[in-house]
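Going by numbering that gives the first Met the number 0, the sequence shown opens with residue 0, and the numbers climb by one from there.
Cβ atoms here follow ideal geometry from the backbone N, Cα and C, with glycine treated the same way.
One structure is given below, encoded as structure tokens.
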Amino acid sequence: MRSAYVNGLYLPHGQAAVHIEDRGFQFADAVYEVIAVQHGHLIDREGHFDRLERSLSELDIPMPMTRRALNVVAAELLRRNSIRFGSLYIQVSRGTAPRDFPFPKDIQPTLVMTAKRLKPFDFTRQAVGVNVITIPDIRWKRCDIKSVGLLAGAMGKTRAQAAGAFEAWQVDDAGMITEGAASNAWIVTADGVLVTRHTDAFILAGITRQTILKLVADEGLGFEERAFSVAEAKGAREAFTSSSTAFIRPVVRIDGDAVGDGRPGPLCLKILELYGRYMEPRA
């Protein structure tokens, strides 16, 4: 039976619930993390916990428990669900209080964790090229906070799905790509330079993004963190997406226009290989 964790209790997944006046439900007053599980290990666990703490701090929500306790609960939830390959979802809301806009004082955060099985990382499957579309970025101005307010992203993913695309890349008023609805965006320029947007209030500082930058730096490969336009992306040699559970996916078409020769590029595939090795169990 699938189990979930809610405020100190392990419950059958189908019976797990929060109060109807939980502020995460009524105001999206909550943050979350999704962590990949490979070979029974939480990938980039500390980076995800760092970001969780930062998101909570930006919203003046206290951590519901220590990192050590969080890790104990996560490990137990994976054990109860017999998950070696999958994902762990963590959500923390401000808590439950009578509905009102101002932040209530002296309430306990709500902590929810769920886990599910997914297929193991597979290079061949990940190396298949995908299409993306571009859409206007209609989100709020604090995208650096990993808020559960994901309606704009859900709308974008739905548009992408309707168009037969894997992802929707969001575009700001200046014509610059910010990020995907659920991923960071990357290109390899016509001159062969790896580029991803710099971190600011308009994108989420992706943990997989951070790991990729470290891996390419360790390989002695150069990169730039800067904004790039839709036009530059369409004229790029390569493009790809990155996220914690979709890992890395080569982008071969943007709005129907071929990227490079319309096939996954060599640098993307090299990075994909590096990332796959990075997730292998360490002796």
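Do the CB positions of residue i and residue j come within less than 9 angstroms of each other?
| i | j | result |
| --- | --- | --- |
| A126 | M278 | no |
| T109 | P63 | yes |
| F246 | L268 | no |
| D143 | A200 | yes |
| G275 | F120 | yes |
| I82 | R116 | yes |
| L10 | V30 | no |
| L266 | E237 | yes |
| V229 | V170 | yes |
| I288 | A232 | With the chain running from 0 to 282 in the structure shown, residue 288 is simply not present. |
| G288 | R138 | For residue 288 there is no data in the structure shown, the boundaries of the chain being 0 and 282. |
| N4 | V72 | Looking at the sequence shown, residue 4 is not Asn but Tyr. It is a contact, given that the beta carbons lie within the stated cut-off. |
| L273 | E218 | yes |
| A27 | G148 | yes |
| S86 | T198 | no |
| G163 | A180 | no |
| L212 | T195 | yes |
Taking the beta strand (DSSP E) that residue i falls in, what are its first and last residues?
| i | result |
| --- | --- |
| G179 | 175-179 |
| A10 | Looking at the sequence shown, residue 10 is not Ala but Leu. It spans 8-11 - the beta strand (DSSP E) in which L10 sits, taken as one unbroken run. |
| K115 | 109-116 |
| E223 | 222-224 |
| N130 | 129-135 |
| F165 | F165 -> no beta strand (DSSP E), and no H or E assigned at all. |
| R78 | Taken as a continuous stretch (DSSP letters only), R78 belongs to no beta strand (DSSP E), being part of the alpha helix (DSSP H) at 66-79. |
Can you give me the Cβ contacts of residue i inside the same chain, cut-off strictly under 7 angstroms, excluding the 5 residues immediately before and after it?
| i | result |
| --- | --- |
| R288 | With the chain covering 0 to 282 only, the question about residue 288 has no answer from this structure. |
| N80 | R1, S2, A114 |
| I89 | Y31, E32, L51, M112 |
| T57 | Sequence inspection shows Glu at residue 57; the Thr mentioned does not correspond to that position. Contacts found: I144. |
| K118 | F84 |
| F122 | L271, E272, G275 |
CB-CB under 8 angstroms to residue i, same chain, minus the five flanking residues each way: which ones, in chain order?
| i | result |
| --- | --- |
| R98 | E20, Q25 |
| K145 | V30, Y31, E32, R50, L51, S54, L203 |
May I ask which residues mark the beginning and end of the alpha helix (DSSP H) holding residue i?
| i | result |
| --- | --- |
| S86 | No alpha helix (DSSP H) holds S86; the beta strand (DSSP E) holding it covers 85-92. |
| F48 | 44-57 |
| E272 | 265-277 |
| N183 | Premise fails: N183 lies in the beta strand (DSSP E), 183-187, not in any alpha helix (DSSP H). |
| E237 | Counting along the chain, E237 falls outside any alpha helix (DSSP H), though it belongs to the beta strand (DSSP E) covering 237-242. |
| T123 | 122-125 |
Going along the chain, which residues of its own chain have a beta-carbon closer than 6 angstroms to the beta-carbon of residue i, five neighbours each way excluded?
| i | result |
| --- | --- |
| A159 | I132, E166, A167 |
| A184 | W168, I176, E178 |
| G261 | V251 |
| A96 | P103, I106 |
| G94 | I106, Q107, P108, T109 |
| V17 | T109 |
| R66 | F48 |
| G259 | R236, E237 |
Comparing C-alpha positions only, which one of the options sits nearest to residue i?
| i | options | result |
| --- | --- | --- |
| T210 | A16, Y4, G46 | G46 |
| D49 | H40, G39, L69, Q37 | L69 |
| I134 | D172, L77, T95 | D172 |
| F100 | D59, L220, R22, S86 | R22 |
| S242 | E75, R208, Y4, G255 | R208 |
| I206 | S182, A216, L220, G221 | S182 |
| P280 | G39, Q14, G7, A16 | G39 |
| L8 | I253, Q37, L76, L150 | L76 |
| A74 | D256, D59, L41 | L41 |
Given the structure, does residue i come close to the ligand NAD, in the sense that its CB is under 8 angstroms from one of the ligand's heavy atoms?
| i | result |
| --- | --- |
| S86 | The ligand NAD is not part of this structure, which contains no ligands at all. |
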